[in-house]
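Asker: Going by the numbering used here, the first residue of the sequence shown is number 57, and it counts up by one from there.
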Amino acid sequence: MVQIMNSSLPEQSRAAIVSSPLRTAHPQRSTADRFEDAYQRCLAALRRARSPDLSDDDLGVLRQVAAGGPSGVALTWLARHLARPKSTTSVAVKQLEARGLLQRTRRRDDERQLAIALTPEGRQRIDADRLLDPVRLGTALRGLLRDERDALLDALERLADAAEGLPPLGSE
57 MVQIMNSSLP
67 EQSRAAIVSS
77 PLRTAHPQRS
87 TADRFEDAYQ
97 RCLAALRRAR
107 SPDLSDDDLG
117 VLRQVAAGGP
127 SGVALTWLAR
137 HLARPKSTTS
147 VAVKQLEARG
157 LLQRTRRRDD
167 ERQLAIALTP
177 EGRQRIDADR
187 LLDPVRLGTA
197 LRGLLRDERD
207 ALLDALERLA
217 DAAEGLPPLG
227 SE
């Protein structure tokens, strides 16, 4: 059982975490079912309202560009990480550039190539359009013991690595 150590969580929230019917019902459920239930509960409790003018695809492009670093990324790199054709990725980049969220500049090390980077407004939009509310997530994570939190994050990162290594949906 997870120990709820943080007294900043309201008593009702601590009690809900410990006594959730999904957590205790059907102890013979599969690991996948237990994960799905826990994921859905976390998402419902921690999800942040999304900006209606940015699609999930737009946010995916912006987040991948941000992950590539401040000096920008090549279109080929971005398309590969989004698992999309270069032509589709190029159209998305041009649209986001027109909206002032991305910029394309010549690379200093090879002026034949373009680097795609976030604009300051693009960075602000990523920060504002996070999937999970960072304050609520931080509060919930502080409710776990440090060792539990570290183990959870290590396992989640390994799960993400394993999931990213799977073949694309529909290719099986």
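Glycine included, C-beta positions come from ideal geometry on N, C-alpha and C.
If I follow the unbroken beta strand (DSSP E) through residue 173, where does it start and stop?
Answerer: Segment 170 to 174, the beta strand (DSSP E) holding residue 173.
Asker: Which residue wins for smallest C-alpha separation from residue 120, given the options 178, 91, 99, 164?
Answerer: That would be 178, whose Cα lies nearest to the Cα of residue 120.
Asker: On a Cα-Cα basis, can you pick out the residue from 150, 116, 155, 151 that is closest to residue 136?
Answerer: Among 150, 116, 155, 151, the Cα nearest to that of residue 136 is on 116.
Asker: Would a C-beta distance cut-off of 8 Å place residue 149 and residue 182 closer than the cut-off?
Answerer: Against a cut-off of 8 Å, the Cβ pair of residue 182 and residue 149 comes out as no contact.
Asker: How about the stretch 149 to 161 and the stretch 190 to 206: do they share at least three Cβ pairs that are nearer than 8 Å?
Answerer: Touching, no, given that fewer than three Cβ pairs across the two stretches are closer than 8 Å.
Asker: Would residue 125 be called buried (16 or more neighbouring beta carbons within 10 Å of its own) or exposed?
Answerer: By the 10 Å Cβ count, residue 125 comes out exposed.
Asker: Can you tell me the Cα-Cα spacing of residue 203 and residue 211, whole angstroms?
Answerer: About 12 Å.
Asker: On a Cα-Cα basis, can you pick out the residue from 95, 157, 98, 147 that is closest to residue 109?
Answerer: Nearest C-alpha to residue 109: 157.
Asker: Could you tell me which uninterrupted alpha helix (DSSP H) segments, each at least 4 residues in length, are contained entirely in the stretch 89 to 142, listed from first to last along the chain?
Answerer: Fully enclosed alpha helix (DSSP H) runs of 4 or longer: 112 to 123, 131 to 138.
Asker: Any idea if residue 95 is buried or exposed, counting beta-carbon neighbours within 10 angstroms, 16 or more meaning buried?
Answerer: Classification for residue 95: exposed.
Asker: Roughly how many angstroms lie between the CA atoms of residue 200 and residue 86, to the nearest whole one?
Answerer: For residue 200 and residue 86, the distance between alpha carbons rounds to 24 Å.
Asker: Looking at residue 97: is its Cβ nearer than 8 Å to the Cβ of residue 188?
Answerer: No, they are not a contact pair.
Asker: From this set, 89, 113, 186, 185, which residue's C-alpha is nearest residue 144's C-alpha?
Answerer: Measuring from the Cα of residue 144, the nearest candidate turns out to be 113.
Asker: By the DSSP assignment, the alpha helix (DSSP H) with residue 215 in it spans what residues?
Answerer: 202 to 220 is the span of the alpha helix (DSSP H), which, as asked, contains residue 215.
Asker: Within 10 angstroms of the Cβ of residue 222, are there 16 or more other Cβ atoms? Answer buried if so, exposed if not.
Answerer: With fewer than 16 Cβ atoms within 10 Å of its Cβ, residue 222 is classed as exposed.
Asker: Given this structure, state the Cα-to-Cα distance separating residue 207 from residue 100, to the nearest angstrom.
Answerer: Rounded to whole angstroms, residue 207 to residue 100 spans 23 Å at the Cα level.
Asker: With distances taken Cα to Cα, identify the nearest neighbour of residue 106 among 216, 186, 90, 219.
Answerer: Nearest option by C-alpha distance: 186.
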